[in-house]
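Engineer:
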DNA sequence: CCTTAAGCGGGGTGGCACCCCGCTTCGTCG
DNA sequence: CGACGAAGCGGGGTGCCACCCCGCTTAAGG
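Protein chains in written order, with my numbering: chain A, 1 to 182; chain B, 1001 to 1182.
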């Protein structure tokens, strides 16, 4: 990639990061280009569609989540690590406007691609299988399910972190009262 | 309301119903107006904003859900009725493109208004309090939470009914294996 | 320094939400 | 039943958008 192209690419991602976190995933791509000091054609050449831009913007943050999953998998107790990680994902997704949209790219089967959602689900799979091994998670539950769930909650609550956290707790525990039988 | 105004209103809602269920909540309002045979100004006069139109489109379906909640509250076993009703809501919401968006109108506190979401949550409250009374639901869970959850799941899965149903089951039961002790 | 192609961006296209305002039609009342 | 005031209508305008075309610029290599 030519040096000027790389410079423009970086400027666009940086500006998009600011604007998306300020205004959400539906920012005007024109404005991103304007603030980045490039023509809109340049933006569209580098990023064919809004999703491609969002993927680039969140790539680093997602990478952080992946590292964190590996770290938790190695250090934490198998059952709790998954819950801790999902709450961290939830916080990330809820407080980063537009991330949920990026995670749900292609909406349905987010596997096989190298999209943010696919990579996140893959990282989660590690923790899920650990948790299954110690009987803390049903076999029918997949990491992809959980990522979709987190994303959906985040989409639904807007940016209300407290409610998002509460709904995730609810979904992980179920609606029934805690079984006091042990 | 003048007779012609009423006629236009009805035509717009009817056409919007078709187009939203075919193309989702993001239909072009211009196209709705075009197909309804009215000027776009007429549409915008009757419905100030996309959400107002969606509310009108789904009002009848929502009314059906409310009746169903009352019916289940009277006839069904308190614990199961809630689950049955939530699955019915889920099916409705997932198969009616755009309904989730309508239910999440104003996103955050959907109480107090007479929006679709508020009315649905109110109807659910009946079943929730029944279920709490028989110890099937934790006191900290509100009907509003559950409606937001259902809507979020629906948004996240696109139109995949089977997955939507599975995720709702998951969220209601929690991720842990079924307690075989009880 | 010169070539060449990768990359750029001004400006165009078609579509959108939303609004203004002169014209039409409805409902009412004499 | 006819006329009148107002409610309602919609063609057309504005400003914004995503996305693209194409002649010009400039980086990179010899």
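Beta carbons: idealized from backbone N, C-alpha and C, even for Gly.
All figures in this text were calculated on a predicted structure; none of them were measured in a lab.
To the nearest angstrom, how far is the alpha carbon of residue 14 of chain A from that of residue 57 of chain A?
Structural biologist: 7 Å
Engineer: Contact between the segment 30 to 46 of chain A and the segment 64 to 72 of chain A: three or more CB pairs below 8 Å?
Structural biologist: no
Engineer: In the DSSP assignment, the alpha helix (DSSP H) including residue 243 of chain A goes from what residue to what residue?
Structural biologist: Residue numbering for chain A in the displayed model covers 1 to 182; residue 243 of chain A lies beyond these limits and cannot be assessed.
Engineer: Excluding the 5 residues flanking residue 132 of chain A on each side, which residues of the same chain have their C-beta closer than 7 Å to its C-beta?
Structural biologist: 139
Engineer: Taking DSSP as the reference, what is the three-state secondary structure of residue 1058 of chain B?
Structural biologist: helix
Engineer: Applying a beta-carbon distance threshold of less than 7 Å, which residues of chain A neighbour residue 1177 of chain B?
Structural biologist: 135, 138
Engineer: Using a Cβ-Cβ cut-off of 8 Å (strictly less than) and excluding sequence neighbours within five positions of residue 86 of chain A, which residues of its own chain qualify?
Structural biologist: Counting only Cβ-Cβ distances below 8 Å, and skipping sequence neighbours, we find 124, 146, 150, 168, 172.
Engineer: Going by DSSP, what residue range makes up the alpha helix (DSSP H) through residue 179 of chain A?
Structural biologist: Taken as a continuous stretch (DSSP letters only), residue 179 of chain A belongs to no alpha helix (DSSP H), as it is neither H nor E.
Engineer: Taking 8 Å as the CB-CB cut-off, is residue 145 of chain A touching chain B?
Structural biologist: yes
Engineer: For the segment 1140 to 1176 of chain B, list the alpha helix (DSSP H) runs that are entirely contained and at least 4 residues long, ordered along the chain.
Structural biologist: 1143 to 1157, 1161 to 1173
Engineer: I want to verify the contact list: residues of chain B whose CB lies under 7 Å from the CB of residue 101 of chain A, in sequence order.
Structural biologist: In chain B, no part has a C-beta under 7 Å from the C-beta of residue 101 of chain A; the shortest such distance is about 10 Å.
Engineer: Under 8 Å Cβ to Cβ from residue 105 of chain A, same chain only, skipping five residues before and after it: list those, please.
Structural biologist: 51, 54, 55, 113, 115, 116, 117
Engineer: Which chain A residues are close to residue 1062 of chain B, counting only those with a beta carbon under 8 Å from its beta carbon?
Structural biologist: None at all; the shortest Cβ gap to chain A is about 17 Å.
Engineer: Starting from the beta carbon of residue 1172 of chain B, find every residue of chain A whose beta carbon is closer than 8 Å, and list them in chain order.
Structural biologist: Those are 174, 175, listed as they occur along chain A.
Engineer: Looking at the C-beta of residue 148 of chain A, does it have a partner C-beta in chain B at a distance below 8 Å?
Structural biologist: yes
Engineer: Going by other Cβ atoms of all chains shown within 10 Å of its Cβ, with 16 needed for buried, is residue 1060 of chain B buried or exposed?
Structural biologist: exposed
Engineer: I need the DSSP call for residue 8 of chain A, collapsed to helix, strand or coil.
Structural biologist: helix
Engineer: Output, in chain order, the set of chain B residues within a Cβ distance shorter than 7 Å of residue 152 of chain A.
Structural biologist: 1152, 1153, 1155, 1156
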